[in-house]
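J.: Quick one: the structure is below, questions incoming.
Protein chains: 2
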Amino acid sequence: MKRRNLLGGLSAAALAGACAPKSEAPGAQASNQTFRWKMVTTWPPNFPGLGVGAANLAKLIEQMSAGRLQISVYAGGELVPPFETFDAVSRGTAEMGHGAAYYWKGKAEATQFFTAVPFGFNAQEIYAWMYYGGGLKLYQELYANFNLVPFAAGSTGVQMGGWFNKRIDTVQDLKGLKMRIPGLGGEILQRAGGTPVTLPGSEIFTALQTGSIDAAEWVGPYNDIAFGLHQAAKYYYYPGWHETGPALECLVNAQAWASLPADLQAIVSTACQAVSTDMLAEFAARNATSLQQILNSDVEVLPFPDTVLRRLKAITGEVLTELVARDPASAKIWASQSEFMRVSDQWQQISEAAVLRARHL
Amino acid sequence: MKRRNLLGGLSAAALAGACAPKSEAPGAQASNQTFRWKMVTTWPPNFPGLGVGAANLAKLIEQMSAGRLQISVYAGGELVPPFETFDAVSRGTAEMGHGAAYYWKGKAEATQFFTAVPFGFNAQEIYAWMYYGGGLKLYQELYANFNLVPFAAGSTGVQMGGWFNKRIDTVQDLKGLKMRIPGLGGEILQRAGGTPVTLPGSEIFTALQTGSIDAAEWVGPYNDIAFGLHQAAKYYYYPGWHETGPALECLVNAQAWASLPADLQAIVSTACQAVSTDMLAEFAARNATSLQQILNSDVEVLPFPDTVLRRLKAITGEVLTELVARDPASAKIWASQSEFMRVSDQWQQISEAAVLRARHL
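Keeping their order, the protein sequence lines are chains A and B.
Under this note's numbering, the residues of the first sequence are numbered 1 to 361, in order.
Under this note's numbering, the residues of the second sequence are numbered 1001 to 1361, in order.
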């Protein structure tokens, strides 16, 4: 299969940074052909950080290719509904998409591992696993079943635990808690006795303020204060145990990918890596300044009690055990990810955690 | 000045990801001209992580440009001695260089702030400051005085505190300590009563084993075990208080930069951002596996006592106060960096530090 060969060539080359000799690269010469692509996304129009990051990805590609690969970016709903991004790129309605892999768990449960697992990788680790721990190869294998070539493209860094109108002191306080929290996080809350609800971001403010929900997580300080959530809730909890460094994704239709000459393929894959640096930098800077605003508001910023985090972690273990037992693809990916995490954690503790601790001595 | 305009256009465009409209971009059309550049580096031949990262940068640029920008990479000493990289690129002997800004403190003391300050930024924060906190603009301003255009290009992540034959229990144990530690770290050790010595990496093993030095820092587990240091010393200390997330740099000669059409400029600046994701991922993965080897060796892996870190931090404050008092460029950059750090630290503590802590509950 020609397409698989191209993918194999790419993962050994541009993606891992260890290029094959130039003479072996297929289509290494630039052609003058101009490609006009559509990028559909899961993000609301002009969505800070995430949507802006997708637009930056398209702009970088256009700039680097001197306009030979032009990409029109569509917010969710403009061309297809946000959660049809995966299907639209798979069938070629759009050549490219931007979103998050865990939105596609209805297609394949294992997609969730490429975004975030509760109590999982930080942003540094998920890229380490992708590029130097075999993760990207597993990602490509899974998505090949759907006629898609996936790339990691951006990260929000650590997300927050959410906004609460009710103070959480014990695991008992989770019982009956009506919280806007999607995905695995929601499933875990449910097993802890809460009621996860699904709400689009734009409705969170009113739902919290009127008390129709008790709590909601969204992204982090930067995106959260854009919705005014610090004026709707009493408490803001950290850390975001459910999404500790989620990776975002760029999807490319497999035939569209194969049609690109090698230089444009390298431009796309490199732009995705560049956007990962840039977006994480943006979130780190803007979350920090937005947190100041929250600390100056009436909201109390609190850590979850250790007992609560321990309970959520124990349930996470149960949920993953069941997922891995019923889905072979998840089993294969989790085996790789959990072994990487075991080794990585010791290094992260004596490096990243230790330097942040040393600042406060 | 045409060159400064180009720089201004770049920092508002490719670097910050917010491109000017295509019609305004100078030289936006790809030319068919082929550029053959030399990249001189400060790294030994085939140096893991750092030298390999510089070579990857050149390969990505060549791939993305379909060979229109070809870069021959030279290890330190192959074309010019390692520490003449800055001068060689400044005068145009080579068009490009790769190294670390703090090597050039003899040219301008303020260069040190673009690599690492003791008890300073982690890798996530230094990029946040560069791209969204005004750091890159200050970096470009300083280097414009030397006919150079600088880019952040790669990070090792947290470096380690070093290898010791003598156990460090109190600040008294630093007195008389003969340690291989360069730069600001060495100056701080000296004020704590130690004796910093300068040694190339290749001589550390023998010096430690024969006892001609008591201690040495190098990079981190991945690079350190390549020299067998776990077989030469008794203790391995963490964290690396002196380099908590150093950024590496790509230098471009200003005239060479101005000669590139806009698409090749975008390719160079984007490749630098991509290498930052890739190199940090490589270090995170390989440091983690190398640490396992060290934990399985006879070396004892220990944290520095809090009293020692507190003393080193207090001296860091003194050294920076003096530096800022005597050098206006350092004062300007440190004002920006320390204010960014003040705000950033609160976010890092409730995000990155908190998720690493939650894993161990």
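Each residue gets a CB set at the ideal place from its N, CA and C atoms; glycine is no exception.
Can you find a CB in chain A that lies within less than 9 Å of the CB of B:F1340?
T.: Chain A, which has a Cβ nearer than 9 Å to the Cβ of B:F1340, makes this yes.
J.: Count Cβ pairs between the segment 90–102 of chain A and the segment 157–168 of chain A that sit closer than 8 Å; are there 3 or more?
T.: Cβ pair count under 8 Å is below three, so no.
J.: At which residues does the alpha helix (DSSP H) containing A:E300 begin and terminate?
T.: Per DSSP, A:E300 belongs to no alpha helix (DSSP H); it is in the beta strand (DSSP E), E300 to P303.
J.: Considering A:P221, what are the terminal residues of the alpha helix (DSSP H) in which it resides?
T.: A:P221 -> alpha helix (DSSP H) spans P221 to A226.
J.: Would a check of beta-carbon distances place B:H1360 closer than 9 Å to chain A?
T.: B:H1360 counts as touching chain A.
J.: By how many angstroms is the C-alpha of A:Q265 removed from the C-alpha of A:E141?
T.: Going from the Cα of A:E141 to the Cα of A:Q265 covers about 18 Å.
J.: Which residues in the same chain as B:W1104 place their Cβ atom closer than 7 Å to its Cβ, once the five residues preceding and following it in sequence are excluded?
T.: Closer than 7 Å at the Cβ level, and outside the excluded window around B:W1104, lie F1086 and T1111.
J.: Could you name the residues of the same chain whose beta carbon sits closer than 6 Å to that of A:G135, not counting the 5 residues immediately before and after it, in chain order?
T.: So the qualifying residues of the chain are W129.
J.: With distances taken between CB atoms, is the gap from A:P45 to A:I126 smaller than 9 Å?
T.: It is not a contact, given that the beta carbons lie outside the stated cut-off.
J.: Measuring straight from C-alpha to C-alpha, what distance separates B:V1171 and B:K1313?
T.: Spanning the two alpha carbons is a distance of roughly 12 Å.
J.: Tell me the DSSP secondary structure of A:S212 in three-state form.
T.: Correct three-state label for A:S212: coil.
J.: Starting from A:I363, find everything on chain B with Cβ-Cβ shorter than 9 Å and list it in chain order.
T.: Because chain A is modelled from 1 through 361, residue 363 of chain A falls outside the range shown and cannot be assessed.
J.: If distances are taken between C-alpha atoms only, which option among A:H98, A:E78, A:G51 and A:Y74 comes closest to A:V268?
T.: Measuring from the Cα of A:V268, the nearest candidate turns out to be A:H98.
J.: With 16 as the cutoff for other CB atoms within 10 Å, does B:P1021 come out buried or exposed?
T.: Because B:P1021 carries a pLDDT of 31, less than 50, the predicted location of this residue cannot be relied on, and no value is offered for it.
J.: Using the DSSP secondary-structure output, state which residues sit across from B:Q1070 in a beta bridge.
T.: DSSP, once it has assigned bridges, lists B:R1036 as partnering B:Q1070.
J.: Among A:T270, A:V308 and A:A216, which one has its Cα closest to the Cα of A:Y131?
T.: The shortest C-alpha separation from A:Y131 is found at A:T270.
J.: How many whole angstroms separate the CB atoms of B:A1226 and B:P1048, which I take to be in contact at a CB cut-off of 8 Å?
T.: 6 Å between Cβ atoms; contact.
J.: Kindly identify the DSSP beta-bridge partner or partners of A:M96.
T.: BP columns for A:M96 point to A:M39 and A:V252.
J.: How big is the Cα-Cα spacing for A:A216 and B:V1080?
T.: In a straight line, the C-alpha of A:A216 is about 59 Å away from that of B:V1080.
J.: If you measure beta-carbon to beta-carbon, which residues of the segment 1056–1071 of chain B are closer than 8 Å to chain D?
T.: Note that chain D does not occur in the displayed structure, where the protein chains are A and B.
J.: Pick helix, strand or coil for B:T1289, following the three-state DSSP scheme.
T.: B:T1289: helix per DSSP, three-state reduction.
J.: Might you give, ordered along the chain, the residues of its own chain that have their beta carbon closer than 6 Å to the beta carbon of B:T1244, omitting 5 neighbours on each side?
T.: These residues qualify, in order along the chain: G1120, N1122 and V1158.
J.: Which same chain residues end up closer than 6 Å to B:F1114 when comparing Cβ atoms and leaving out the 5 residues on each side of it in sequence?
T.: Excluding residues within five positions, the ones whose Cβ falls inside 6 Å are A1101 and Y1139.
J.: Measuring only the C-alpha atoms, how far is B:T1316 from A:I350?
T.: One C-alpha to the other measures close to 21 Å.
J.: Give the straight-line distance between the Cα atoms of B:I1188 and B:P1239, rounded to the nearest whole angstrom.
T.: Whole-angstrom Cα-Cα distance: 16 Å.
J.: In the DSSP assignment, find the unbroken beta strand (DSSP E) run with B:S1155 in it and report its ends.
T.: Segment L1148 to S1155, the beta strand (DSSP E) holding B:S1155.
J.: Taking the C-alpha atoms as reference points, what is the distance between A:G211 and A:P221?
T.: Their Cα atoms are separated by approximately 21 Å.
J.: So, for B:M1341: in the same chain, excluding its five sequence neighbours on each side, which residues have a beta-carbon less than 6 Å away from its beta-carbon?
T.: Closer than 6 Å at the Cβ level, and outside the excluded window around B:M1341, lies no residue.
J.: At a Cβ threshold of 9 Å, is B:A1353 touching chain A?
T.: Taking Cβ atoms only, chain A reaches closer than 9 Å to B:A1353, which makes this a yes.
J.: So, helix, strand or coil for B:W1218, using DSSP?
T.: Three-state DSSP puts B:W1218 in coil, outside helix and strand.
J.: Between which residues of its own chain and B:A1088 is the CB-CB distance below 6 Å, once the five residues before and five after are set aside?
T.: Correct list, in chain order: V1040, V1080 and A1094.
J.: Note down, in chain order, each residue of its chain lying with its Cβ closer than 6 Å to the Cβ of B:A1232, except the 5 sequence neighbours on either side.
T.: These residues qualify, in order along the chain: F1205, L1208 and Q1209.
J.: Which runs of the alpha helix (DSSP H) at least 4 residues long sit entirely within the segment 135–202 of chain A? Give them in chain order.
T.: Correct list: 135–144 and 183–191.
J.: Thinking C-beta only, is A:Y143 closer than 9 Å to A:L251?
T.: Going by C-beta atoms, A:L251 is nearer than 9 Å to A:Y143.
J.: Determine the contact status of B:G1154 and B:L1060, defining contact as a CB-CB distance below 9 Å.
T.: The answer is no: Cβ separation not under 9 Å.
J.: Is the beta carbon of B:M1160 less than 9 Å from the beta carbon of B:Y1236?
T.: Yes, Cβ-Cβ distance for B:M1160 and B:Y1236 is below 9 Å.
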